[in-house]
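J.: Input: one structure, supplied below.
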Amino acid sequence: MAEGNSRLGSRGGASTLAARLAEIHARHPTADPDMVAEVVRSVLATMNGDLSAKEASVLAEVEELGRTIATAKAEIAALEVDVINVSHIPFATDELDAIIAHTAAATDAILENCETLDRVAAGLTGQAATQLQVATTRIYEACSFQDITGQRITKVVGALKAIEAKVEHIVSTFGPSDGEARLSLPQAADAVSLLNGPQLPAAAMDQSDIDKLLASFD
Amino acid sequence: MSIDKSMSVLIVDDYKTMLRIIRNLLKQIDFNNVEEAMDGAEALGKLRAGSFGLVISDWNMAPMTGLQLLQEVRADARLKAMPFIMITAESKTENVIAAKQAGVSNYIVKPFNAETLREKIEKVLGHG
């Protein structure tokens, strides 16, 4: 689109002017220049208040943006995203909490029985005592899974809650709500908190890696 | 010279199951004088009030983390030489470096086994 002083309606104005001049010329082959000037002034007067090309472009973009927002609001309303916060995420976090509770109870039961075996082993001698102690040691070691899985689940719950907050923010901003409340998004985790939790096996350092790292300080 | 296994060991974890596991593993290697604390503040109180030969602490606790507990211990004139082992799922390089810089004696990553625990204790107590 042309920039500068071109006015919206100039093209229309020119064609109107041409038409009027043609009409005048047809009716009055020897048209009075004053009459032509009057016609030109009249056409120019109709252009008062028109937008510049740049302003028209911005207006068109604003109109388009308005239509996009209206469409997004309608789509968000149709999707019932608030159900995610009201139902899905609370359900998921409750389920995960239940997993922690159930596995904790099971682990406690295992440990209690393992301690009983330890007491029995204390009354034995020889190979049987050794075998029993090795077995209980392995059970104790394996039971630490509960701590690791608990921490992993806590991380997942944290992620779900972050999603919940963002969904709430989107719904309150774009959704067909009353619109007053605006949620502040949770701050990003403090980079220096160092509470990273258990790492997935592919990313984790094992004990030998840690030993090497520690040794590098000596 | 052998390790004095009658020494008091303080284990710190906000997760009871883990305290129970570590206590049982210590018992199997003949450390029977074990006390427990469920957070950093409680641990610090016990350390200042008692006489311990070793601290084994988790990192991920609230409100005082294991790292903060370690820093408090190292800043305390009476406790600063206390052997301190971190047992944690925090296995990122930055964590190990931060713990080392704070003065950790050794670092065990979860999940761990009894042999690793025994080995690190011996190393920390000067027999590794």
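Respectively, the protein sequence lines represent chains A and B. Numbering follows numbering that gives the first Met the number 0, in which position 52 of the first sequence is assigned residue number 51; successive positions increment by one, without gaps. Numbering follows numbering that gives the first Met the number 0, in which position 92 of the second sequence is assigned residue number 91; successive positions increment by one, without gaps. Think of the CB as a built atom: it goes at the ideal place given N, C-alpha and C, for glycine as much as any other residue.
Leaving out five residues before and five after B:A113 in sequence, what residues of the same chain have Cβ atoms less than 8 Å from its Cβ?
T.: L24, Q27, I28
J.: List, in order along the chain, the chain A residues whose C-beta lies closer than 7 Å to that of B:M85?
T.: What B:M85 touches in chain A: nothing, since even the nearest Cβ is about 10 Å away.
J.: Considering only the beta carbon of each residue, do B:S104 and B:P82 sit closer than 7 Å?
T.: yes
J.: Going by C-alpha to C-alpha distance, which of B:G65, B:T16, B:L43, B:V33 sits closest to B:K4?
T.: B:V33
J.: Check each residue of the segment 102-126 of chain A: if its Cβ is closer than 8 Å to any Cβ of chain B, include it; give the result in chain order.
T.: Within the segment 102-126 of chain A, the residues whose Cβ lies closer than 8 Å to some Cβ of chain B are A103, T106, D107, L110, C113, E114, D117, listed in chain order.
J.: Who are the Cβ neighbours of B:L43 in its own chain at under 7 Å, not counting the five residues just before and after it?
T.: L68, E71
J.: Any contact between the segment 68-75 of chain A and the segment 99-112 of chain A? By contact I mean 3 or more CB pairs, one from each, below 8 Å.
T.: no
J.: In the DSSP assignment, find the unbroken beta strand (DSSP E) run with B:L78 in it and report its ends.
T.: No beta strand (DSSP E) holds B:L78; DSSP gives it neither H nor E.
J.: Count the other CB atoms, across all protein chains shown, that sit within 10 Å of the CB of A:Q126; report buried if there are 16 or more and exposed otherwise.
T.: exposed
J.: For A:V119 and B:D12, I'd like the C-alpha separation in whole angstroms.
T.: 28 Å
J.: Check for me: the beta strand (DSSP E) holding A:I56 runs from which residue to which?
T.: Here the sequence assigns Ser to residue 56 of chain A, which means Ile is not the residue at that position. Not the beta strand (DSSP E): A:S56 falls in the alpha helix (DSSP H), residues 52-78.
J.: Just list the residues that DSSP pairs B:I84 with in beta bridges.
T.: B:I55, B:N105
J.: Output needed for A:L199: all residues of its chain with C-beta closer than 6 Å, excluding positions within five of it in sequence on either side, in chain order.
T.: none
J.: What three-state label does DSSP hand A:A104 in the structure shown?
T.: helix
J.: Across which residues does DSSP place B:A36 in a beta bridge pair?
T.: Under DSSP, B:A36 takes part in a beta bridge, and its partners are B:V11.
J.: Among the residues of its own chain, which have a CB less than 6 Å from the CB of A:A158, if the five just before and after it don't count?
T.: none
J.: What's the C-alpha gap between B:I2 and A:E114?
T.: 25 Å
J.: For B:L109, count neighbouring Cβ atoms within 10 angstroms of its own Cβ and tell me buried if that reaches 16, exposed if not.
T.: What sits at residue 109 of chain B in the sequence shown is Lys, not Leu. It counts as buried.
J.: Just checking: is the beta-carbon of A:A134 within a distance shorter than 7 Å of some beta-carbon in chain B?
T.: no
J.: To the nearest angstrom, report how far apart A:A97 and A:M204 are at their CA atoms.
T.: 30 Å
J.: Of the residues that make up the segment 144-169 of chain A, which ones have a beta carbon closer than 8 Å to any beta carbon in chain B?
T.: F144, Q145, D146, I147, G149, Q150
J.: Does the beta carbon of B:V33 come closer than 7 Å to any beta carbon on chain A?
T.: no
J.: For the segment 7-41 of chain B, list every residue whose C-beta sits within 7 Å of some C-beta in chain A, in sequence order.
T.: Those residues of the segment 7-41 of chain B placed with their C-beta closer than 7 Å to a C-beta in chain A are Y14, T16, M17, R19, I20, N23, L24, Q27, ordered along the chain.
J.: Between A:N195 and chain B, is any beta-carbon pair separated by less than 7 Å?
T.: yes
J.: Beta-carbon within less than 7 Å of A:I99's beta-carbon, same chain only, minus the 5 sequence neighbours each way: which residues are those?
T.: So the qualifying residues of the chain are G149, I152.
J.: Between A:I209 and chain B, is the shortest Cβ-Cβ distance under 7 Å, so that the two count as touching?
T.: yes
J.: Please list the partners that B:F51 has in chain A, where partner means a Cβ-to-Cβ separation under 8 Å.
T.: Here the premise fails: no neighbours, minimum Cβ distance about 22 Å.
J.: Please name the residues in the segment 106-119 of chain B whose beta-carbon is closer than 8 Å to at least one beta-carbon of chain A, in chain order.
T.: Y106, I107, V108, K109, P110, F111, N112, A113, T115
J.: On a Cα-Cα basis, can you pick out the residue from B:R117, B:K99, B:S7, B:G125 that is closest to A:A214?
T.: B:K99
J.: Which stretch, first to last residue, makes up the alpha helix (DSSP H) that contains A:D210?
T.: 206-214
J.: Using a Cβ cut-off of 9 Å, pull out every chain B residue sitting near A:D205, in sequence order please.
T.: S90, V108
J.: B:F30 to A:A91, Cα distance in whole Å?
T.: Those two C-alpha atoms are separated by around 42 Å.
J.: CA-CA distance, A:L182 and A:V80?
T.: Any answer about A:L182 is weak, because its pLDDT of 40 lies below 50 and its placement is not dependable; what the coordinates show is given next. Computed Cα separation, rounded: 16 Å.
J.: List the residues of chain B that A:E94 touches, going by C-beta distances under 9 Å, in chain order.
T.: Correct list: empty, because the minimum Cβ distance to chain B is about 20 Å.
J.: For A:L122, count neighbouring C-beta atoms within 10 Å of its own C-beta (all shown protein chains included) and say buried if the count is 16 or more, exposed if not.
T.: Per the sequence presented here, residue 122 of chain A reads as Gly, with Leu not at that position. Under the 10 Å beta carbon count, A:G122 is surrounded by fewer than 16 other beta carbons and is classified as exposed.
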